[in-house]
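Report on one structure; see the data block that follows.
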Amino acid sequence: MSHDNTLLNAVTNASWILRDQTLHCFALPCSAARQALQEQDESAALRHKAEQKEIDRVSASARRLATWGRVYDNEDLARKAKQMEKQVARLKDEQTELSVGPPWRLVLQGDALPADRLLEMDTLPVSPAPGQPSLFTTGVARLRSGDRVAIMGRNGGGKSSLLRLLWQQMNNASPLPGLRLHPRLHPGYYDQTLAQLPDEASLLEALTPFAPSADTRKRALIAAGFGWARHSQKVSTLSGGERSRLLFVGLSLARYSLLLLDEPTNHLDMEGKAALAQTLRDYPGGVLLVSHDRQLISESCNRFWLIDSAGLTEWHSLEEVYARLQAVAPAPDSRLALQSTPAGADDDEEALLARLIDLEQWLADDMARKPKHQKPSLQAQWQEEIARLLNQLT
């Protein structure tokens with residue numbers, strides 16, 4: 051069970067999709083199963099429309115017969131009208147059911163500032179916390195409205211620290227010398243720890259910084275599945291998924307010119323991830339995104355910053371960024387895995403499988419590009435390594 055579409059495509063050959071309290075079973079991997087379910091939904095919608103047309107026709111005929119029966123005092127017409135009303139009831143009972151869909155769909159509203167930059171960094175030191183040694187120092191990096199930047203790098207490299215530092219400085223009257231901000235910048239922040247929402251605040255109170263109108267907050271909570279009875283509930287009582295949804299509700303109420311998103315998919319299902327990717331693609335402001343979700347990055351980002359030993363550098367190809375990350379830390383050799391202890395073998399096998407998933411995704415992404423943008427040499431390297439890993443894992 052996983053919300054990672056790439057992982058499921060790589061390791062499964064059947065899918066069970068639980069929706070509307072019904073289990074839908076497909077002898078297909080994840081993406082193909084979701085496509086098949088969508089096609090079923092489209093067919094069901096067409097049937098439902100045709101059935102509704104017949105229901106409307108019979109209902110109209112029943113009403114006319116009933117009217118004529120009363121006007122002309124004709125029992126036969128009245129009896130036929132009642133028969134047709136029973137037919138309408140039967141047709142409604144047998145009518146194709148449609149999926150109710152998700153109770154709430156994430157949509158982020160933003161503003162584009164007409165300027166050549168929202169922010170600019172120039173030799174900005176980034177540390178995990180004030181007073182601690184810096185993890186790296188940025189070079190010159192700029193962000194404009196419409197830029198959707200994926201900040202990438204290895205775990206512990208400083209991706210989240212950079213977002214946290216930027217957020218702190220954006221709320222500081224005197225930002226650090228290495229950071230220049232647009233004077234009308236209005237930033238929004240999704241913190242992966244979800245600490246922005248005070249534990250002791252009620253759900254309604256927690257949204258006050260995002261929307262001052264109580265009525266607006268109430269309507270937003272109800273639309274997101276938080277009923278009236280829960281509006282006074284404490285934030286501390288929410289599950290991680292509910293707390294994440296509450297923060298997204300808040301972000302959707304405001305209009306930001308820049309979004310800082312730190313691992314926003316941690317508590318999202320596949321439909322939520324797809325909605326996030328779509329709303330980011332349409333977002334008019336700027337976006338800085340830290341995420342391990344390859345599909346979200348590839349579908350929503352148009353610029354890529356890499357944090358590594360060289361500091362922060364910009365790359366124009368997502369595949370090259372992944373290749374660079376893998377070159378810095380190559381996958382373990384399977385011969386060592388076979389000679390290790392049972393627990394170690396499991397760990398190494400998981401690493402090999404993760405590497406295999408990465409390679410297959412990069413290969414698929416590159417082959418989906420226009421021929422003139424593909425990289426045959428990288429494709430050949432990936433195919434060779436995929437074959438080697440498959441041989442090691444079987």
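Counting the sequence shown from 1 gives a position; the working numbering is that position plus 50. For every residue, glycine included, the Cβ atom is placed at its ideal position computed from N, Cα and C.
Residue i burial status per 10 Å Cβ neighbour count (16 or more: buried)
| i | result |
| --- | --- |
| asparagine 222 | exposed |
| alanine 179 | exposed |
| valine 190 | exposed |
| alanine 100 | exposed |
| serine 211 | buried |
| proline 392 | Confidence is the limiting factor: at proline 392 the pLDDT is only 40, short of 50, which leaves the residue's position unreliable, though a coordinate-based value still follows. Result: exposed. |
| valine 176 | buried |
| tyrosine 306 | buried |
| tryptophan 432 | buried |
| proline 183 | exposed |
| proline 314 | buried |
| asparagine 63 | exposed |
| serine 52 | exposed |
| arginine 234 | exposed |
| glycine 290 | exposed |
| serine 224 | exposed |
| glycine 160 | buried |
| serine 65 | buried |
| leucine 115 | buried |
Euclidean distance between Cα positions of residue i and residue j
| i | j | result |
| --- | --- | --- |
| isoleucine 436 | valine 299 | 42 Å |
| arginine 374 | valine 199 | 17 Å |
| leucine 127 | lysine 136 | 14 Å |
| isoleucine 357 | alanine 430 | 27 Å |
| histidine 74 | glutamine 145 | 19 Å |
| aspartate 197 | arginine 230 | 17 Å |
| alanine 245 | leucine 257 | 13 Å |
| aspartate 81 | aspartate 54 | One detail in the question is off: residue 81 reads as serine in this sequence, not aspartate. Distance between the alpha carbons of serine 81 and aspartate 54: 11 Å. |
| glutamine 50 | leucine 213 | With the chain represented from 51 up to 444, any question about residue 50 goes unanswered, as that position is not in the structure. |
| asparagine 316 | glutamate 292 | 12 Å |
| valine 371 | proline 248 | 37 Å |
| asparagine 59 | aspartate 265 | 43 Å |
| glycine 228 | aspartate 172 | 5 Å |
| aspartate 332 | alanine 304 | 16 Å |
| histidine 98 | asparagine 124 | 35 Å |
| proline 380 | cysteine 351 | Note that proline 380 scores a pLDDT of 42, beneath 50, so its modelled location is shaky and nothing firm can be said. |
| glutamate 445 | aspartate 143 | The displayed coordinates of the chain run from 51 to 444. Any statement about residue 445 would go beyond what the structure contains. |
| tryptophan 278 | methionine 220 | 35 Å |
Among the options, the one whose alpha carbon lies nearest that of residue i
| i | options | result |
| --- | --- | --- |
| phenylalanine 260 | Pro227, Leu301, Glu292, Leu235 | Leu301 |
| leucine 330 | Asp319, Ile347, Met320, His317 | Ile347 |
| leucine 226 | Leu174, Thr258, Gly119 | Leu174 |
| glutamate 255 | Arg267, Leu244, Ala245 | Arg267 |
| arginine 204 | Ala94, Trp355, Lys425 | Trp355 |
| histidine 236 | Arg214, Thr187, Ile201, Leu309 | Leu309 |
| glutamate 321 | Ala251, Arg84, Leu185 | Arg84 |
| glutamine 218 | Gly238, Leu257, His281 | Gly238 |
| tryptophan 365 | Arg293, Ala82, Met202, Glu250 | Met202 |
| leucine 402 | Tyr122, Leu247, Leu271, Asn441 | Asn441 |
| arginine 353 | Gly361, Leu339, Ala360 | Leu339 |
| valine 337 | Leu148, Leu216, Arg269 | Leu216 |
| aspartate 312 | Gln376, Tyr240, Asp91 | Tyr240 |
| glutamate 434 | Leu409, Lys425, Ala414, Cys351 | Leu409 |
| serine 93 | Ser367, Thr287, Glu147 | Glu147 |
| valine 61 | Arg405, Asp143, Lys425 | Arg405 |
| leucine 288 | Ser65, Ala251, Arg114, Gln376 | Ala251 |
| arginine 192 | Leu362, Arg438, Asp319 | Leu362 |
| leucine 68 | Asp106, Ala116, Asp319, Asp143 | Asp319 |
Neighbourhood of residue i by C-beta, 7 Å cutoff - its chain only, sequence neighbours within 5 removed
| i | result |
| --- | --- |
| alanine 86 | Phe76, Leu78 |
| threonine 56 | Arg344, Gln345, Ile407, Gln411 |
| leucine 428 | Glu369, Ala373, Asp416 |
| arginine 295 | Ala274 |
| lysine 103 | none |
| leucine 253 | Leu271, Phe276, Arg280, His281, Gln283, Val285, Leu296 |
Residues near residue i in its chain [Cβ-Cβ closer than 8 Å; skip 5 each side]
| i | result |
| --- | --- |
| valine 150 | Asp70 |
| valine 108 | Met134, Gln137, Val138, Leu141 |
| histidine 232 | Leu163, Ala165, Arg167, Leu168, Leu169, Ser307 |
| glycine 445 | With the chain covering 51 to 444 only, the question about residue 445 has no answer from this structure. |
| alanine 120 | Per the sequence shown, residue 120 should be read as arginine rather than alanine. Cβ within range, chain order: Ala128. |
| leucine 413 | Gln429, Trp432, Gln433, Ile436 |
| proline 262 | none |
6 Å CB neighbourhood of residue i in its chain, flanking five on each side removed
| i | result |
| --- | --- |
| alanine 112 | Ala131, Met134, Glu135 |
| histidine 457 | Nothing can be reported for residue 457: it is not among the residues displayed for the chain, which extend from 51 to 444. |
| serine 195 | Ala162, Leu163, Gly335, Gly336 |
| glutamine 424 | Asp416 |
Evaluate contact between the segment 320 to 339 and the segment 154 to 162, counting only Cβ atoms and requiring at least three cross-stretch pairs below 8 Å. yes
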